[in-house]
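Please read the structure below before turning to the comments.
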Amino acid sequence: MMEVSDNLKRLAQLTYALGYKTYIVGGYVRNMLLGYDVNDVDIAGAMLVEDMKQLCLNNGYTAEIINKRLGTLLISKDNEQYEYTTFRKEVYDESGKHKPEEVSFVDNPKDDAFRRDFTINAMFYDIIDGQLLDYVNGQRDIKRRVIKTVTDPMVVFNDDGLRILRMVRFTCELGFGIDRHTYKAAKICASKVKDISRERILNEIKISINGGLKYHLKNETHSNIIKYYNDLDLWQYILGPTFKDFKVKCSGKVYRAYLKSDGSCRYIAFMCLVLYNFIKARTSDKNLAFSITQLLGNVGLKDSNKSVKDIYDAYHFAQKILYDKENAFLINENCLEYENLPFETMTYLSLINPDYINKLRIQTLELKKAKIPFSEMELKVNSTDLVEKARVNAKFISKIKSTLFEMCVKEMIVNDKDILLEQAKFLNEKLMKLFMDQKKAGVKSPRVSLDDEKEDK
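The opening position of the sequence shown corresponds to residue 311 in the working numbering, with each subsequent residue numbered one higher.
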């Protein structure tokens, strides 16, 4: 007997009174057999969603139809939630998109089982009778710890390219191997992945890389995503033709950092690993901004702007650590940059070079003790002070503030209001002289810079 909540038992009894059985299906059944934690509860039955919704509302459950065409309904009671699906058959077109062309509802679990992806996900638990229904040898494959398609794998993957990514995901989540015929078909059908939306692909990647954490697996199952994406040549279908024949090297510091990463920084570690290999493989253009756009921007996985920035910063800083054997970059500017990084990025960098990061942390504390500013906002003068007390020309305020900040960071001057105002007067005179010299030379729109003029008074 499987553990079933009282609320779910009551719902099954309500449907049974009307002549319908309700079954638990999919990951819940699989995980109960494996002894793994159970999170999502998927249920299924022959009752149409409109009727199930009304039954729920009449008996103290909340219910909302997710997709009437596919027959899916979200049911809630107290702090529990179940996704109900009416038994169905599906017909797909030839594109491989994650969307059936035809859907027909059926009245038995056997037909529903054979429209599912893998045997381990296609077992049903009869809540009323307490019996397991296994039409596809799912129990056998769980014992063998193997992922195998319910029917002909060529048909399964041709129908829906997302199933190839799900196959890889389950190797990461469960630590299972893949049936030989299933894997061979996945290789042949790999191009079907290109028809899947970027958003769904990105979601599968995020679930896959954190898969082993979900069930507390101790082995490094998150390395499977690299292994299988490489061997199935999936990168070109996930990230575009620029990544044809691309492979992620499974060695080196960046790869080991990914293996050691935990949930707090694993996504950053994964993307930095892919980015590192992509840039390294490009013989001509190794531009970071271009490469990260290819990987994560609108051309690639369409990730959020925040994620793109975080990964850009993590990669940029990691390169300093990787190629700085003598700690030549252990200077104040790096401390400032490090201090403003998100926690996840800091955690990742500590995996790349822990000794360097520890030294950087110590030096950051020293800078704080010395009251070195960590941003222009921490300068002891503001724009109003510069205009009213140092008589700085308004057009030079931005340049002077950034110069004062840089001079404080380099410990050329102290972050003291009087000293900063005095230095600002000096810099203003310098800029004004450069400006007037350009005007006399006939420059129509003079542009002045302090890049070559940064010196103490």
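For every residue, glycine included, the Cβ atom is placed at its ideal position computed from N, Cα and C.
Rounded Cβ spacing between residue i and residue j (contact assumed at less than 8 angstroms)
i	j	result
K524	E483	6 angstroms
L598	Y622	7 angstroms
T382	G355	Actually they do not touch by this definition, with Cβ atoms about 12 angstroms apart.
T481	I474	Going by Cβ atoms, the distance from T481 to I474 rounds to 12 angstroms, so no, they are not a contact pair.
C560	I536	6 angstroms
H532	R576	7 angstroms
R425	R398	7 angstroms
Y666	I631	5 angstroms
S507	Y547	Going by Cβ atoms, the distance from S507 to Y547 rounds to 13 angstroms, so no, they are not a contact pair.
G471	D505	5 angstroms
D388	N317	6 angstroms
P683	N725	5 angstroms
N692	M742	At roughly 21 angstroms, the Cβ-Cβ gap does not stay under 8 angstroms, so N692 and M742 are not in contact.
K570	L661	5 angstroms
D350	Y338	7 angstroms
S617	L606	7 angstroms
Cβ shell of residue i (< 8 angstroms), same chain only, five flanking positions each side left out
i	result
E509	K612
L380	T395, R398, P410, V413
V753	none
Proximal residues to residue i (C-beta, below 7 angstroms), its chain only, five neighbours per side dropped
i	result
S315	E390
W545	Y539, F553, F556
K420	Y445
R479	E514, I517, S518, G521
R320	none
G336	D352, N431
G573	N520, L523
V503	G471, I474, L475, L544, Y547, I548
Y565	K559, L583
K563	L632, I662
K363	A373, I375, L383
K378	V359
Within 7 angstroms, strictly: CB atoms of residue i and residue j
i	j	result
I710	L737	yes
V460	A496	no
L549	G610	yes
L731	K699	yes
K528	T492	no
K690	K735	no
L670	Y648	yes
A438	Y326	Correcting the residue type first, residue 438 is Ile in the shown sequence and not Ala. Yes.
E374	L384	yes
N534	V558	no
L324	L365	yes
F653	E686	no
F486	V466	no
T655	D695	no
Same chain, Cβ closer than 6 angstroms to residue i, neighbours up to 5 away in sequence not counted
i	result
K635	At K635, the pLDDT of 49 sits below 50, so the modelled position is not reliable; the number obtained from the coordinates is stated separately. Answer for K635: no residue qualifies.
I430	R340, G448, D451, I452
Y625	C582, L585
D469	Y402
M312	M342, Y435
E412	V401
Y392	V351, I353, I385
N637	Reliability of the predicted coordinates at N637 is poor, the pLDDT of 47 falling under 50, and the value obtained from them is presented with this limitation in mind. If we look at N637 and ignore the five residues flanking it on each side, it has no Cβ neighbours.
Opening and closing residue of the alpha helix (DSSP H) in which residue i lies
i	result
N377	Run containing N377: none in the alpha helix (DSSP H); it sits in the beta strand (DSSP E), 372-377.
L741	727-750
S501	Careful: S501 lies outside any alpha helix (DSSP H) and carries neither H nor E.
K709	707-719
C366	359-368
T657	653-662
E698	693-698
D316	316-327
Residues bridged to residue i [DSSP beta-bridge criterion]
i	result
I334	I353, Y435
N475	Note that residue 475 is Leu in the sequence shown, not Asn. DSSP lists no partner for L475.
V753	Answer by DSSP bridge pairing: none, since V753 is not bridged.
I682	The partner list for I682 (beta bridge, DSSP) is empty, contrary to what the question assumes.
F428	T459
E400	V413
I488	I457
L443	F434
I385	A373, Y392
N- and C-terminal bounds of the beta strand (DSSP E) containing residue i
i	result
Y394	390-396
V618	Not the beta strand (DSSP E): V618 falls in the alpha helix (DSSP H), residues 615-632.
E412	412-415
I794	In the structure as shown, the chain starts at 311 and stops at 767, and residue 794 therefore has no counterpart that could be examined.
C-beta neighbour in chain C for residue i, strict 7 angstroms
i	result
M342	This model lacks chain C altogether, as it is built from one protein chain only.
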